[in-house]
Structures are given as C-alpha cells and as structure tokens.
Amino acid sequence: MAQTAEGTQAAAPANTGASTSGQAAPGGKVQSVNVVGERQTNRIDRQVYDVKSDVSSTNGTAADALNNVPSVSVDPDGTVSLRGSTNVQILVDGKPSAMLQGDNRGPALQAMPSEDIDSIEVINNPGAEFGNEGGGGPILNLVMKRSRRPGGFGVVNTNVGSAGRYNSALNGQYNTGRWGVQGGVNVRHDGRDSRTETERDRVDPRSSVVQHSSTSGTSTGLNDSAGLRGQLTYNLGDDDTVEANVGYMKRTNDSQGVDHYVVANDGVPFSDYLRTRRTGGENTNSTWGARWDHKGAKIGELFRMDLRVSSSDNASEARYANDYLIAPSRLDPSQPFSNVDADSLQDNASKVRIVDYTGDYERPLDSGAILKLGYKLIDTDSRIDTRYFDFDPASGAAVANGRRTNGFEVDERDAALYGSYQWKLSERWGALVGMRTEYTHMDLDLADSDISAANRYLNWIPSAFATYKLTPTTNLRFAYAHRIRRATGQQLNPFVIYQNEFNESSGNPNLKPVQTDSFEIGYETKAGKLDANLRAYYRADRDMIRSRQTVVNDTVLLTTLENGGSNRAGGLEFTLSGKVTPKFSINTSGNLAFTEQQQIDLLGGEYKRTASSLSVRGRFNYELTAQDHLQLMINAQGKTLAGAGYREPSSTLNLSYRRAITPALNLVFNVTDVFRSQKVETITDTASLKEHTLRTSAGRIAYIGLSYRFGGVQGGGQRRERGGSGEGWRGAPPPGAGPGGPGGFGGGRGG
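Mapped onto the working numbering, the consecutive letters of the sequence shown carry residue numbers 333 to 1083.
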C-alpha cells in the first residue's frame, strides 16, 4: 500500500518531486497525460495511506483495506484495533456514521467495498478539529473517492469466489461545465463460517468446589449486502460550490449453528446438552448530506458548512432449541421452566440516528501563519430493544423472560467550538496548537418503566504538534493530545443482555468519560531509496471503563461495567517502504508495544496486568512483466491484553495477482488466509476463573474477477490528479479539501 499525504505544512516535506509524461498523436495533439508525484509521506498530525494501488482493492472490503494499514488490525469478527487498542474512532470523510457505531461496525466494514475508498488517514493524536463522539480515541478516517475530472468515466468490477461467494460493483462519474455527478452501486454475497471452543474452570469461593464447563459450537451461513451512493456538485460561481450526497446499504444477517454445553462439579456431570441456533435478520443504513464551500477574497481563505444525517436500523431474530443428554433439576430458579428441554426466542432491534452539522473557517495570515476556527452540533439518538421468550415444553406457550427482556434509549447532544493556529517558527521549526471545548448532555430512558436519568458535563481538550527539519530528507515530529472517551449506548444500558448460556452482560448509566493523554515523537528519513519512519508513543488513561464479573447461578457469569483504575501503554512503531528495485517494492511496519491495565477479579479484588508484544506486517509487490503484478501480504499479531485475560499471537498470509489484459481490462486473483492460520485465542487465568477460548474462521478464501474501466478525460482545462481518482476545483483542490476529500488541514474534518 502506498503511503501518501498532501497539504500545507509548517515545515517542508522530507521529500517532494513530480514528473509528467505524455503521448502525442499525429499533428502534435496530446492524447494522454500522466502525472506522477512523490507526495509527502507524513503530515504534522497524521499519516495518509493510499489504498487505490492495492492489487486486491477491486474485490476487497473496507475491513481488508484497514488490515493493510500499519499497526491496524481487524479480526474475523470485525473488531478494529490500532496499536493494540480497540478504542478507535472510525470516520467517513471526517464525519461519524451511524453504520459504524457499536456492534454494527464490524459487519458494516466487512460489507463496505474497498473500491469506494480513496485513502485511509491514521490520526493517533487527533487535533482540535476532531470531536470525541464515537469513542474519543485515535481516529481512522475513511476518505471516499471524490473527483472533478472533466468528462465521464467509470469502472465495473465482477468477482466470483470459493463456496459460492461473489461481488460486483459499478462506479462512475460525469462532469461538464459547472455540474458534476458521481455514484455507484454494489452487491456482495460473502461471509465466513466459524468454530468456537471454550473451556472454563470456576472456583466457588465458599466451598472451593471447582466447576468445569465446556462449549463447542459452529456457525455457518453467507450473507447478502447491496449498496448505492450518489453525489451531485454544482459550482455557483468562481468562489462557491454546493454539493448534495446520498448513500444506502442493506445487508442480511442470517446464520445457523449448534453449540454443545457440558457442566461438571468436581468432575461429576451436572448438565450436558446441545443448543441449536437459527438467526435471521437484516441491517439497513442510510445517509444524506449537503455542503457549501466558499472561497474568500484572500488567497487560501476558506469557509465550509456541512450537514450529514445518517441512520442504522438493525433487526434480528434468534431461535434456540435445547436437547438435553443430562438435564439439571433447575438451571435458573427464577424461571418456571428452567429452560430444560424448552425452546426460546430472542428478538433484537436497535436504531442509531446521527445528525451532524459543522462549520469550518480557515484564513492565512500576513505573517504566513494559518488560523482555523470551527463549530459542531451533533445529536446521536440510540435505541436498543430486546425481547426474550421461553416456550413451555408442555403447552408450547411463550412466556417473557423478564431478566432478559428490556428496552433502552440514549439521546446524546454535543456542542463544540475549536480553534487552531499553525505557524513557522523558523526555517527548521513549524508548530500547530489547538483548543477544543465540548459540552455534552445525555438523556437516558428505560422503556416499560418510569425510570430516566440525565448527565451533562463540559470538557476542555488541548492539542499541540511540532516539526523540526534536521536535514532536507529528515524530520522530527512531536505530538500531544488530550481526549475523552464517552460510553456507548450499549455500555450505558443497565439491563441484562443474553450472550450465551454461560454469559450475560449489562451496562451502567452512571459511567463517566475516560480521560486520555497521548504523546508521540517521530523520526522520518530516507534509507537509501526507502522511506523510513520511527515513532515512540505513550498513552495514559484514567477513570477507565472496566468490567466486573459476578456469579449469577451455578453456570452463568454476569459482566458489568464501572469507572475506575488506570491504563498505560507505550511502544515503538516503525515503517519502511519504497522501491528496492525498479520491479520490487515493499511496505513493511512493526509495533513493539507495552500495556499495563488495572482489572477486577471474580472475587472483587483489584490486580494489575502487563503484556509486551511485537506485531509485524509486510506488503511485497513484484512486477513480473509489464502486464503482471504479484503481491504478498504477511500479518503477524503479537500477544495482546483482552478483557480480563489476553489474546494469543496469530498470523495470516494473503496473495494477490493482477494481469492487464488490455489497458482498460484487468484480471485479478487473490487468496486470503492461505494457510488457514487466522484465529482468535483468548486465555483468562485468575485465582477464581480459568478460561480458554479458541475461535477459528474459514480460511483460504479465493476470488477471481475482472475490472474494466471505460471513458476518460475530455477537453482541456486545468485538472489535478490524485492517483487513480483525481480531484480539482478550478485547477486546485475544492475549498477546504485535503488529501482525497473534504477537510483542509489533513483531509476529512472532524468539525
């Protein structure tokens, strides 16, 4: 994956340059022009990675694209982590999206086509322009493709995969005069079967009896998704542009499986049964927005207003049936049937709606400094509704399970103001400082009751960045940012949620935000022909949202949440990328991390956990011929802390091959997880609880397909190329536009 960045920066980039080449038709008329540039590897506050050059981008997903970014990991469930931390915000064009909130994020990333993504911005220390909604931690910003090249062009991709998988996408655009329109549609039939095995030993603190339980189960089923997006742009005049955009995605959530549960006390069998599960449902995501860009009288003076409205609706139904080999007398004394030989049904419905309105103003000063001011108003409404029914084995009547039935709503409203000042201190020093203030008001309502609560608070959030130019090819970078992480709707929900026969969970409506301070020092240079980066980072969290486990009955553990304790994390991160030879290029990275966490054991005692891990990944591209390209991607994830335990190391290898049949038609073949080595293995080892869980997913998934591009640039006029997508506004970026999308300083804006 190529790493790119563009835009104004206080200190000059470590390396710049550009070249052009063209072909002339008879008579001297230029038929085509290629613009090739070495763009900045890093920015003062972020790194930007170009995903268009990936061989597998035409049939991959957003999860695949993220998995190719240094220090980012996406597991088979869609859980995203950055530098070992799962506290990661994911934005789309600098804005929060309802489809990437909560439990919906993983499936949405696995359904979103990577073909729609232009670049991915990694912002480990977010500045003042970025809000704290959606997590408040480091940010991964998906910058979607935007283009204003004159004329029309498009691309169609069609791929078929193993076990009946397939996907197809059509994207195109047309620009003429003041008007521009672009959009696309896509369909996907995909998924991964999985197998999970769990062994648990729990020591009763009163009797010292050891209870052993084991679970083994499978989940199968491929799901369908379809989406569309559209964007209409109009230049009102030389200084104003308006834009409207819409998006829609729908996917199914069907699966089936069988789980085998065995429970024994001191070696004596207590229960043994099979639990059959059939799940069906669907998820619908929609978004629409409007934007106005205005260019001021002063060169570089920009103002933008942006409105985005997104919603996500999830509905699912799970039917369970137990077949007992050994049935206990009562599994749960609070229930009339104790679930013995009974069927059960769980209905889940959730909805998230986000209204995001921002304004951003940027003005270059006579001194050469840049002043930025902005505001943000955002309303996030989350609703969660769960209905659980047990069926009487004698009469077949459905009886509501009061413990597992609940409804909950959170309405969070945030208002923010920010300002930043960027200036050049000397020929070598550049700096950027910012301050953001956020006011938060939350209303919490429990359905089917008169219980409600409210919470409000004000936070001041500073940030600072600096760059020092050691040599023409070497930079030092310094960064500091304070962030807060608010609890999600699921974390605030006080009701009990059924996970499986051994686990339940509930949230806490009184959770406070986690306070985080992060620091980073970066060293960037050239190692021969290669770009080399080394970063040291440190992060301190306080008022953590941590889990506490309690015993519900002989077989069930309840996990709740509370504030308390602190975490520390730090490490060294490196990247090495570039062309080793004219035909061979590499993009390698590694992260040596240390983590310290304070946790609570099953008996309520506090303890401290530490872990060190080394994660490496490499992406190797070789040009076999002018028409054939081979790509190898290795990802090795080291040991990390997870919940009350830790996750064992894992590794994967992916292969991709692309052949240019004609200048417009490409054949693409790729295989993910070649050795079927991808797994999620977690271990908990405390005085009262020992648990081992291993989840494996279907590997060695192959896709083969065709990618065809049609149309092209027409007419003269100025234009600006951005890799394969391009972007221009009167021969320059649109007002406020950064690398690949909206956002002025640093691409997508947080507002």
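Each residue gets a CB set at the ideal place from its N, CA and C atoms; glycine is no exception. For clarity, every value in this text was computed on a predicted model and none was experimentally measured.
Assign residue i to buried or exposed, taking buried as 16 or more other Cβ atoms, counted over all protein chains shown, within 10 Å of its Cβ.
i	result
K940	exposed
K704	buried
F462	buried
R583	buried
Y771	exposed
K630	exposed
G937	exposed
N464	buried
A443	buried
A996	exposed
K915	exposed
G1049	Below a pLDDT of 50, predicted positions are generally treated as unreliable, and G1049, at 36, falls in that range; the measurement from the model is reported next regardless. Counting Cβ neighbours within 10 Å, G1049 comes out exposed, since fewer than 16 surround it.
R1157	Coverage of the chain is limited to positions 333 through 1083, which leaves residue 1157 absent and any answer about it impossible.
F723	buried
S1029	buried
K361	Residue placement at K361 is poorly supported in this model, since its pLDDT is 38, which falls under 50; the coordinates are not used for a value here.
Q563	buried
P668	In this predicted model, P668 has a pLDDT of only 46, less than 50, meaning its place in the structure is not dependable enough to derive any value.
A901	buried
L697	exposed
Compare the Cα-Cα distances from residue i to each of the options and report the closest residue.
i	options	result
H814	N840, L802, V765, A576	V765
I853	L908, F797, S898	F797
S699	P841, S758, S551	S758
Q678	N733, D625, V888	N733
Y869	S988, A647, F926	F926
R1097	A730, N399, V380, T616	In the structure displayed, the chain extends from 333 to 1083; residue 1097 sits before or after that span and is not available.
D717	E744, D711, D780, R760	D780
H1084	V600, L606, N617	No information on residue 1084 is available, as it lies outside the stretch 333 to 1083 that the chain covers here.
E955	N923, V828, A992	A992
N391	V454, K477, H521, F485	H521
Y652	D638, G632, S676, P660	S676
D782	R788, F810, A747, F740	F740
A460	D377, S947, L987	D377
V492	T942, L999, T1016, N986	L999
Y580	Y978, S429, L1026, T994	S429
L657	P601, L924, A501, M774	P601
E928	E447, R874, L639	R874
D863	T920, I877, D604, I793	T920
L802	V513, G523, T508, W761	W761
Y1035	P402, A495, V487	A495
F485	G512, Y498, R497	G512
From the DSSP secondary-structure annotation, give me the bridge partner or partners of residue i.
i	result
N518	A501, G559
G512	N507, T565
P445	T393
S1085	In the structure displayed, the chain extends from 333 to 1083; residue 1085 sits before or after that span and is not available.
T1025	T530, T1014
E300	Outside the displayed span of the chain (333 to 1083) sits residue 300, for which this structure offers no information.
M476	I449
R1041	V487
N738	T718
N923	E905, S947
If we call anything under 8 Å between Cβ atoms a contact, is residue i one with residue j?
i	j	result
N457	Y812	yes
R437	I422	yes
T861	K911	It should be noted that the sequence gives Lys, not Thr, for residue 861. For K861 and K911, yes; Cβs fall inside 8 Å.
V420	L472	yes
V883	E836	no
N680	G621	no
N615	N567	no
V595	S545	yes
D625	R636	yes
T619	A650	no
R871	T848	yes
S944	N923	no
Q963	S988	yes
H961	V387	yes
T891	T530	no
Q823	L778	no
L985	V1012	no
CB of residue i to nearest heavy atom of the ligand PLP: below 7 Å?
i	result
T690	As far as ligands go, the structure on display features none, and thus does not contain the ligand PLP.
task: Would you list, in sequence order, the uninterrupted beta strand (DSSP E) runs of no fewer than 3 residues that lie entirely inside the stretch 544-625?
output: 555-567, 572-584, 587-597
Ranges of the beta strand (DSSP E) found wholly within the stretch 944-997, counting only runs of at least 3: 960-969, 972-974, 977-979, 982-992
message: What ranges does the beta strand (DSSP E) occupy inside the stretch 742-793, keeping only unbroken runs of at least 3 residues that lie completely in it?
response: 761-778
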